[in-house]
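One structure is given below, encoded as structure tokens.
Number of protein chains: 2
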Amino acid sequence: MSGPLRLTVDKASPVPLYHQVAQGLEDAIRSGELPPGTKLDNEIDLANRLNLSRPTMRKAMDQLVQAGLLVRKRGVGTQVVGSQVRRSLELTSLHDDLQRTGGKPATEVRDLARLPAGDEIAALLGVQPGEEVYHVVRLRTTDGEPLALMENWVPCSICELSREQLAQDGLYSIMRAQGVGFQLAHQRVGAVGADAFQAEQLGVEPGAALVAMSRTAMDDLGRPVETGRHVYRADKYSFEFTLVQR
Amino acid sequence: MSGPLRLTVDKASPVPLYHQVAQGLEDAIRSGELPPGTKLDNEIDLANRLNLSRPTMRKAMDQLVQAGLLVRKRGVGTQVVGSQVRRSLELTSLHDDLQRTGGKPATEVRDLARLPAGDEIAALLGVQPGEEVYHVVRLRTTDGEPLALMENWVPCSICELSREQLAQDGLYSIMRAQGVGFQLAHQRVGAVGADAFQAEQLGVEPGAALVAMSRTAMDDLGRPVETGRHVYRADKYSFEFTLVQR
DNA sequence: AAGTGGTCTAGACCACGCG
DNA sequence: GCGTGGTCTAGACCACTTC
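Protein chains in written order, with numbering that gives the first Met the number 0: chain A, 0 to 245; chain Y, 0 to 245.
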């Protein structure tokens with residue numbers, strides 16, 4: 000591909016240039032304008048054509064390599080990954096994981112309580128055992144079908160939670176609106192057989208396989224602000240991601 | 000932390016400077032020399048102290064931010080993430096995922112055959128239906144305990160496989176030794192109830208929850224070179240990873 | 001106002017793959 | 001040998017946070 004590749008950047012925009020370029024390239028790839036296997040022009044030409052410096056151009060391409068859309072090879076060039084399986088699984092969203100499934104999501108609050116943290120939860124949240132934490136249990140449904148049972152703990156010192164908000168807004172939205180700046184999260188994904196309560200809530204047989212996820216999220220100072228354990232119906236949910244060789 | 004932080008770089012080494020710095024910082028963090036919550040000096044001072052340019056210093060720190068070890072905040076500074084849960088789960092290894100569990104891993108080859116690709120496998124591998132592919136079934140054990148049942152497909156045109164090699168070396172090692180350069184992989188992780196064969200092989204009850212993983216790996220030209228479906232005993236295996244807000 | 005990270009530039013040299 | 005990506009430099013200006 001040495002063709003035109005209509006792509007423009009707005010140097011006056013507050014959006015970083017490398018981000019504009021990355022977005023434009025990603026759109027071109029996902030739209031099929033740059034089909035799988037297409038060879039891109041070299042970095043310097045591309046940079047010149049957009050009136051950018053090479054480091055800026057490279058930073059844009061770095062993002063797409065990281066996302067698994069481009070493949071670079073020294074001495075050869077850069078190509079669009081040759082596969083249909085590309086999909087959009089960046090793993091970067093710290094928002095609720097369920098947005099992308101389509102359908103009509105709804106959340107029912109099964110429990111909301113303030114209670115003293117047990118040893119395990121206290122350790123995960125980096126607070127003293129006995130310090131008050133919120134305990135939240137929610138059932139997530141799409142189109143009326145149960146999808147996930149979510150149990151979360153949040154230190155009461157960090158924000159305020161109410162049933163009304165939780166039914167509407169998602170835990171992360173509520174916390175973010177109160178000034179909690181999420182930065183990173185550690186996750187563990189496995190499988191577990193449904194216990195009686197989980198089976199009843201999710202509408203499956205006891206012992207049925209469920210996807211189990213534990214997560215601890217941290218704010219911009221690197222301190223834990225939320226931890227949770229979710230179980231998902233295995234027939235309706237799985238985690239997807241892209242690994243990149245570094 | 001404005002202390003010395005003994006950290007040196009070797010400008011003559013073939014190892015990139017930013018990688019040396021990232022490695023040194025990571026070691027200092029994991030060893031406890033830089034405890035959770037420690038505030039680092041600013042980027043310019045650090046760069047000067049190591050006789051590096053700021054972009055190089057930043058690139059090193061970028062890696063650790065990406066790995067979830069550091070947290071940056073504009074106008075404030077950079078800190079070591081405040082949590083014990085840090086762990087070493089970069090998700091970067093395209094090697095077999097099982098190395099890190101310790102124990103004595105062993106692999107038994109349950110099947111190795113050349114057969115024409117079905118529609119689904121052909122689509123995943125980007126070959127014509129009916130083209131010959133290897134079908135590999137292996138059982139992975141640690142300390143004699145079954146851990147995973149692995150089923151893989153590889154186009155015969157890409158490399159040669161034998162039972163002897165497979166019992167010894169791991170699929171990826173064999174393929175890499177024959178010039179296949181892995182670059183990225185798409186993975187999907189979920190849960191599934193064990194069928195009769197899986198239950199027998201893994202030593203669990205039929206219907207027991209298993210961790211299910213599907214993966215398609217691609218070479219440096221972005222073409223699929225391997226696809227597989229693995230099931231793991233849920234009590235012995237889970238996937239861990241770190242999400243970073245971008 | 002001062003200090004921090006976020007972005008960007010315009011060069012440079014090197015290592016690698018290929019013809 | 002040539003073209004490619006990989007690395008590195010020495011600056012610059014801006015946006016944001018804190019005091």
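Ideal Cβ positions, reconstructed from N, Cα and C, are used throughout, including at glycine.
Positions of the alpha helix (DSSP H) runs, each at least 4 residues long and wholly inside the stretch 138-224 of chain Y, are given as 162-168, 170-176, 195-201 in order along the chain. Sequence-distant Cβ neighbours of residue 58 of chain Y in its own chain, meaning closer than 6 Å and more than five residues away, are 17. When Cβ-Cβ separations below 8 Å define contact, residue 56 of chain Y makes no contact with chain A. In terms of beta-carbon proximity, residue 240 of chain A lines the interface with chain Y, with at least one pair separated by less than 8 Å. Residue environment analysis places residue 225 of chain A among the buried positions, since at least 16 neighbouring C-beta atoms fall within 10 angstroms of its C-beta. Contact annotation: residue 37 of chain A and residue 78 of chain A have beta-carbon atoms nearer than 8 Å. Nearest in C-alpha terms to residue 5 of chain Y, of all of Y:206, Y:23, Y:14, is Y:23. The residue among Y:181, Y:138, Y:144 with its C-alpha nearest the C-alpha of residue 165 of chain Y is Y:138. Cβ contact annotation for residue 109 of chain A (same chain, cutoff 7 Å, sequence separation greater than five): 136, 137, 138, in chain order.
Within chain A, not a single residue places a beta-carbon under 7 Å from that of residue 10 of chain Y; the smallest gap is close to 20 Å. Annotated as proximal: residue 230 of chain Y and residue 210 of chain Y, with beta-carbon spacing under 8 Å. At least one CB atom of chain Y sits nearer than 8 Å to the CB of residue 237 of chain A. Taking the CA atoms as reference points, residue 159 of chain A sits about 11 Å from residue 112 of chain A. Taking 8 Å as the threshold, the shortest C-beta distance from residue 60 of chain A to chain Y does not fall below it. A distance below 8 Å between beta-carbons, with the five flanking residues on each side excluded, links residue 129 of chain Y to the following residues of its chain, in chain order: 115, 116, 121. For residue 190 of chain Y, the residues of chain A that pass the 7 Å Cβ criterion are 190, 208, 209, 210, 233, in the order they occur in the chain. Neighbours of residue 153 of chain A in chain Y, taken as residues at a C-beta separation under 7 Å, are lacking, since the least C-beta distance is about 15 Å.
Around residue 217 of chain Y, the beta-carbon contacts reaching into chain A at under 8 Å are 70, 80, 81, 82.
For residue 55 of chain A, the secondary structure class from DSSP, reduced to helix, strand or coil, is helix. Residue pairing of residue 104 of chain A in beta bridges, as defined by DSSP: A:141. Residue 81 of chain Y carries a coil assignment under DSSP once its states are collapsed to helix, strand and coil.
Counting the other CB atoms within 10 Å of its CB gives residue 41 of chain Y a total below 16, which places it among the exposed residues. Secondary structure note for residue 20 of chain A: its alpha helix (DSSP H) is the uninterrupted segment 16-30.
Following the DSSP letters along the chain, one finds residue 71 of chain A inside the beta strand (DSSP E) bounded by residues 69-72. In the structure shown, residue 40 of chain A falls within a coil segment according to DSSP collapsed to helix, strand and coil. Counting along the chain, residue 242 of chain Y sits inside the beta strand (DSSP E) bounded by residues 238-243.
Residue 114 of chain Y is bridged by DSSP to Y:132. Among the residues of chain A, those whose CB is under 8 Å from the CB of residue 67 of chain Y are 183, 185, following chain order. Using a Cβ-Cβ cut-off of 8 Å, residue 221 of chain A counts as an interface residue toward chain Y, since at least one Cβ of chain Y sits closer than that to its own.
By the neighbour-count definition (other C-beta atoms within 10 Å, threshold 16), residue 80 of chain Y is a buried residue.
Note that the C-beta distance between residue 242 of chain A and residue 201 of chain A is not below 8 Å. Here residue 196 of chain A is exposed, its C-beta having fewer than 16 other C-beta atoms within 10 Å. As a beta-bridge residue in DSSP terms, residue 76 of chain A pairs with A:72. For residue 35 of chain Y, the closest C-alpha among the options Y:176, Y:124, Y:67 is that of Y:67. Restricting attention to Y:208, Y:186, Y:28, Y:199, the CA atom closest to the CA of residue 217 of chain Y is found in Y:186. Of all residues in the stretch 30-41 of chain A, only 35, 36 place a beta-carbon less than 8 Å from a beta-carbon of chain Y.
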